[in-house]
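Peer 1: For reference, the structure I am asking about is given below.
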Amino acid sequence: MIERILPDGVVAAELFDDPADVELFPEEEAHIAEAVDKRRREFTSGRHCARTALAKLGFPHVPVPPGERGSPIWPPGVVGSITHCAGYRAAAVSLDVLSVGIDAEPYLPLPPGVLDAISLREERVMLAALGGDLHWDRVLFSAKESVYKAWFPLARRWLNFEDALIRIDGDGAFAASLLVSGPSVDGRMLTGFAGRWTVAGGIIATSVTVPRDPG
Ligand SMILES: CC(C)(COP(=O)(O)OP(=O)(O)OC[C@H]1O[C@@H](n2cnc3c(N)ncnc32)[C@H](O)[C@@H]1OP(=O)(O)O)[C@@H](O)C(=O)NCCC(=O)NCCS
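Sequential numbering from 6 applies to the sequence shown in the working numbering.
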């Protein structure tokens, strides 16, 4: 499902359960040596997706250890993102775009209190206006997670939930406007992101990509 919300030049791999016998590199294993089984399974399957996606770009079997603040360390020249939730794991990678972020969530309403904690008033007004029976609060949350995953490798700093204003289109697109100054990327200031969302099989997935300046 994730590929349908990724642009040309970004490839992905996904899993709906955890394969047995996936081996980790020592530097990956070190990161989860003390982890509980659930964490070990999501981390390991995420690495399996990452290597499967990298193989589509022609990369050999390489480690993808967690780096600064959990951001995966990709081979030189590659950008990418990993997500996992109950029943779903995915990775997306690219040699063409400047950054990519993906997120998947169970397609359920957010738990009580979470929407107020992660949204701006203007976003809550937008959600109310979108109407219908979709879980727009979960779409918003996932969009913000994707934004953070695309932001971090470029900015190398934290981004609060109130630091980006999301506008969701009912047709599967969204836009994020940064309310804090962004990094200079490819000779321009990063001011926002374009993203896409989709729902299938009880999962919502979102993606954000930062394209190169076409010149
Ligand atoms: C890091 C975070 C985005 C992960 O999202 P999540 O929905 O909890 O979990 P997911 O399974 O979708 O993603 C986890 C993966 O994200 C990736 N990730 C973690 N930290 C990251 C970072 N700083 N930058 C990029 N990717 C990161 C990792 O690959 C991780 O999987 P792994 O540890 O197995 O390698 C989230 O926990 C978080 O800290 N959010 C707060 C920041 C935020 O969202 N701000 C909103 C800005 S508008």
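No residue lacks a Cβ here, since even glycine has one placed at the ideal position from N, Cα and C.
What does the Cβ neighbour count give for residue 119, buried or exposed, with the cut at 16 atoms within 10 Å?
Peer 2: Position 114 of the sequence shown, counting from 1, holds the residue named residue 119. Exposed.
Peer 1: To the nearest angstrom, report how far apart residue 150 and residue 109 are at their CA atoms.
Peer 2: As a working note, residue 150 is residue 145 in the sequence shown. As a working note, residue 109 is residue 104 in the sequence shown. Approximately 9 Å, taken between the alpha carbons.
Peer 1: From this set, 210, 126, 37, which residue's C-alpha is nearest residue 152's C-alpha?
Peer 2: On the sequence shown, residue 152 is found 147 positions in, with the first residue counted as 1. The residue with the shortest Cα to Cα distance from residue 152 is 210.
Peer 1: Using beta-carbon positions only, say whether residue 202 and residue 124 come within less than 8 Å of one another.
Peer 2: In the sequence shown, residue 202 corresponds to position 197, counting from 1. In the sequence shown, residue 124 corresponds to position 119, counting from 1. No, the pair does not count as a contact, with Cβ atoms beyond the cut-off.
Peer 1: Could you tell me if the beta carbon of residue 112 falls within a distance shorter than 7 Å of some heavy atom in ligand 1?
Peer 2: Here residue 112 refers to the residue found at position 107 when the sequence shown is read from its first residue. Residue 112: no, Cβ never under 7 Å from ligand 1.
Peer 1: List the whole-angstrom C-beta distance separating residue 74 from residue 112, where the pair is believed to meet the contact cut-off of C-beta under 8 Å.
Peer 2: Position 69 of the sequence shown, counting from 1, holds the residue named residue 74. Position 107 of the sequence shown, counting from 1, holds the residue named residue 112. Residue 74 to residue 112, Cβ: 27 Å. No contact.
Peer 1: Let me check one thing: in DSSP terms, what residues is residue 150 bridge-paired to?
Peer 2: Your numbering for residue 150 matches position 145 in the sequence shown. In DSSP, residue 150 forms no bridge with anything.
Peer 1: For a test of the three-state rule: what should DSSP assign to residue 79, helix, strand or coil?
Peer 2: On the sequence shown, residue 79 is found 74 positions in, with the first residue counted as 1. In this structure, residue 79 counts as coil in the three-state DSSP scheme.
Peer 1: Could you check how far apart the C-beta atoms of residue 16 and residue 55 are, in whole angstroms? I think they sit under 8 Å.
Peer 2: Position 11 of the sequence shown, counting from 1, holds the residue named residue 16. Position 50 of the sequence shown, counting from 1, holds the residue named residue 55. Contact doesn't hold; Cβ gap of about 11 Å is too wide.
Peer 1: The beta strand (DSSP E) with residue 178 in it runs from where to where?
Peer 2: Numbered from 1 along the sequence shown, position 173 holds the residue referred to as residue 178. Where residue 178 is concerned, the enclosing beta strand (DSSP E) stretches over 178-183.
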